[in-house]
Every structure is written in structure tokens, then in C-alpha cells.
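J.:
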Amino acid sequence: MAPITGPLSGEAKSTVAECLQGTLVDLVDLSLVAKQMHWNIVGTNFRSVHLQLDELVALAREHADTVAERAAALGVNPDGRSSTLAKSTKLAQPENGWIEDGKVVATIADILDGIGRRLRERIEATDEPDPATQDILIAIAQDIDKERWMFQAQR
């Protein structure tokens, strides 16, 4: 089988691969964490936050696919396996059982803040080696910032 090659090599490829993989882990785990909270939220704002979490899951999954396909197009193997997520996630994990709506909102806002900070670091890191990847990361950061705002506004 012929390997997939891409236009980048050396340090540029390594830098971009690391940025894409880190973003993929953030987004896949975000979709899992948000879905777990979606299933276990309780409280007076249950319905609106329950639905908002589903929107966040869909957004994270869509962006994760874009990131994974960008990596593959560059000849980098995307790794979204559960074992990889467990080893490398930086996201706070939800507690087991029912979670009050206020705690869900605060936790998701904090998670999105962390993802946003890491995205900005990756945007800066990809500026020179691959502006096309940087554009993808910028688009994701815009959506993550918007979602963070939407959750923060409910605190």
C-alpha cells in the first residue's frame, strides 16, 4: 500500500501534525464530555442547556472531522482512538451521576476557555509552516469563542 504524502516535511510537518492532533483530541473529547453532561443534566434550565449541549456536540464532531481530514491530507495519521484520548486529553471530566445545570454550564464554559487558549497557541504555531491549517484552526476558534460566550452568559 502506498503511503499518503503531503506538501509539508521536516519540522513544519511535525509542528502542524502536533497542532492538528492536539485539536482533534480536544474536539473529540469535547463531544464526549458534552454528550455525557447532556444525558445527566438536571435543574430548572434542563431543557435549554440539554439542547445547547447537543448543538455543541454536533459542532465539535463537525470540526473534528475537518481536522482529521486535514491531517490525512498532509500525510499525517489522525488518532481519535479512546486510548489516545484517555492518555492525552486536557479536558476536565464530568463527575458520575446527575449534574446540576449550573455546574454543567460552568464546567463547559471552563472547558471551552481551555480549548480556546490551546487553539490560539496552535494558530500562532501554524502561521508560518501551514497557513491553510491555520485558517482551519481560526475558524474553529471563532466557533469555540462563540460557544464559550453562550455558556458564560448563563452563569
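In full-length UniProt numbering, the protein residues as written are 1 to 155.
From the three backbone atoms N, C-alpha and C, an ideal C-beta is built for every residue, glycine too.
From His-38 to Ala-71, what distance separates their C-alpha atoms?
T.: Going by C-alpha positions, His-38 is about 29 angstroms away from Ala-71.
J.: For Ala-125 and Ile-108, I'd like the C-alpha separation in whole angstroms.
T.: If you take the alpha carbons of Ala-125 and Ile-108, they lie about 26 angstroms apart.
J.: In its own chain, which residues sit with a C-beta less than 8 angstroms from the C-beta of Asp-143, not counting the 5 before and 5 after it?
T.: For Asp-143, where only same-chain residues beyond five positions count, the Cβ hits under 8 angstroms are Leu-59 and His-63.
J.: Hey, is the region 84–93 in contact with the region 37–56, meaning 3+ C-beta pairs nearer than 8 angstroms?
T.: no
J.: With H, G and I counted as helix, E and B as strand and the rest as coil, what does DSSP make of Ala-100?
T.: A small fix is needed here, since residue 100 is Glu in this sequence, not Ala. Three-state result, Glu-100: strand.
J.: Should Thr-5 be labelled buried (16 or more other beta-carbon atoms within 10 Å of its own) or exposed?
T.: exposed
J.: Quick one: any contact between the region 20–37 and the region 76–84, if contact means 3 or more CB pairs under 8 angstroms?
T.: Using a C-beta cut-off of 8 angstroms, the region 20–37 makes contact with the region 76–84, since at least three inter-stretch Cβ pairs fall below that distance.
J.: Between Asp-26 and Gly-97, what straight-line distance do the alpha-carbon atoms span, to the nearest angstrom?
T.: 23 angstroms
J.: What would DSSP say about Ser-41, mapped onto helix, strand or coil?
T.: According to the sequence displayed, residue 41 carries Ile and not Ser. Here DSSP, grouped into helix, strand and coil, assigns Ile-41 to strand.
J.: Starting from Val-57, trace the alpha helix (DSSP H) both ways and give me its first and last residue.
T.: Start and end: 46–73.
J.: With Ile-140 and Thr-23 assumed to form a contact (beta carbons below 8 angstroms), what rounded beta-carbon distance in angstroms separates them?
T.: Contact between Ile-140 and Thr-23 holds: CB atoms are separated by about 7 angstroms, below the 8 angstroms threshold.
J.: Rounded to whole angstroms, what's the CA-CA distance from Ser-48 to Ala-132? Just pull it up for me.
T.: Approximately 36 angstroms between the Cα atoms of the pair.
J.: Note the first and the last residue of the continuous alpha helix (DSSP H) segment covering Lys-87.
T.: Run containing Lys-87: 82–88, per the alpha helix (DSSP H) assignment.
J.: When you compare only the Cα positions, how much space is there between Arg-120 and Val-105?
T.: 23 angstroms
J.: So Gln-134 is in the alpha helix (DSSP H); what residue range does that whole segment cover?
T.: 131–152
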